[in-house]
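This report concerns only the one structure given below.
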Amino acid sequence: MRSSRLLVGLVVLAAGAAACGGDDGVRVAGAWARTSPAMADAGAVYLQITAPGGDRLIGVSVDPAVAAMAQIHETVTAEGEAEGMGAMTMQEVRSIDLTAGETVALEPGGFHVMLMQLAVPLEAGQTLEITLTFEEAGTMVVEVPVLDDAP
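See the structure below:
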């Protein structure tokens, strides 16, 4: 009798785990943040996202003890400038489409997570957490080590 209860419990637990994730869930890898100068007001987080079934990154947040807010940004060439010759600027984007099976890199010079109004400088050796929000997959907390240089 005791072993049948254990078996039923394991089956229920396995079903719950399958409902929360599974092989088609969003995966995040290679997360890191660059150290910031002592007086900096902003910092950046980089990572790679793979959504085997496709999805959309629609939001990001951070603990207020780290920064007042987090936004998804893209680095672009200023309008009217020739490619490679213009001033680079950053702009907020509302979402990033994640094509099924492809990895989207949030990296220097492209998409990235911008931490605005830092509460404290980002120093090598620290680890912070950001929360990514996906249209289909919901939220995911990601641990982000702070590094002097890209890994």
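Position in the sequence shown counted from 1, then plus 355, gives you the working numbering. Even for Gly, the Cβ is constructed at its ideal location relative to N, Cα and C.
Where residue i falls: helix, strand or coil (DSSP)
i, result
"P500", "strand"
"G408", "coil"
"V431", "strand"
"V383", "strand"
"A505", "coil"
"A397", "strand"
"S416", "strand"
"A442", "coil"
"T486", "strand"
Whole-angstrom distance between residue j and residue i, CA atom to CA atom
i, j, result
"E462", "V468", "9 Å"
"V417", "G465", "20 Å"
"L412", "E447", "13 Å"
"V431", "A422", "24 Å"
"M443", "A433", "6 Å"
"L477", "T454", "32 Å"
"L470", "A420", "12 Å"
"V415", "A425", "6 Å"
"V383", "G441", "32 Å"
"E429", "Q472", "18 Å"
"P392", "V475", "10 Å"
"I427", "M394", "22 Å"
"A460", "I451", "11 Å"
Close beta carbons around residue i, own chain, < 8 Å, minus the five adjacent residues each side
i, result
"V499", "A386, W387, A388, V400, L402, T482, L483, E484, I485"
"A492", "G380, V381, A406, D410"
"V497", "V383, A386, L402, E484, I485, T486, L487"
"P506", "G385, W387"
Closer than 7 Å: residue i CB and nearest the ligand ATP heavy atom
i, result
"T454", "By its list of ligands, the structure shown contains no ligand whatsoever, and the ligand ATP lies outside what it can speak to."
Residues near residue i in its chain [Cβ-Cβ closer than 7 Å; skip 5 each side]
i, result
"A479", "T390, V501, L502, D503"
"E490", "D410, R411, I413"
"G456", "P407"
Other residues of its chain near residue i: CB distance less than 6 Å, five sequence neighbours each side excluded
i, result
"M495", "L487"
"D445", "Checking the sequence, you will find Met at residue 445 rather than Asp. H428, T430."
query = What residue ranges within the stretch 446–483 form continuous beta strand (DSSP E) runs of no fewer than 3 residues, ordered along the chain?
reply = Counting whole runs of 3 or more residues, the stretch 446–483 contains the beta strand (DSSP E) stretches 451–453, 458–461, 466–473.
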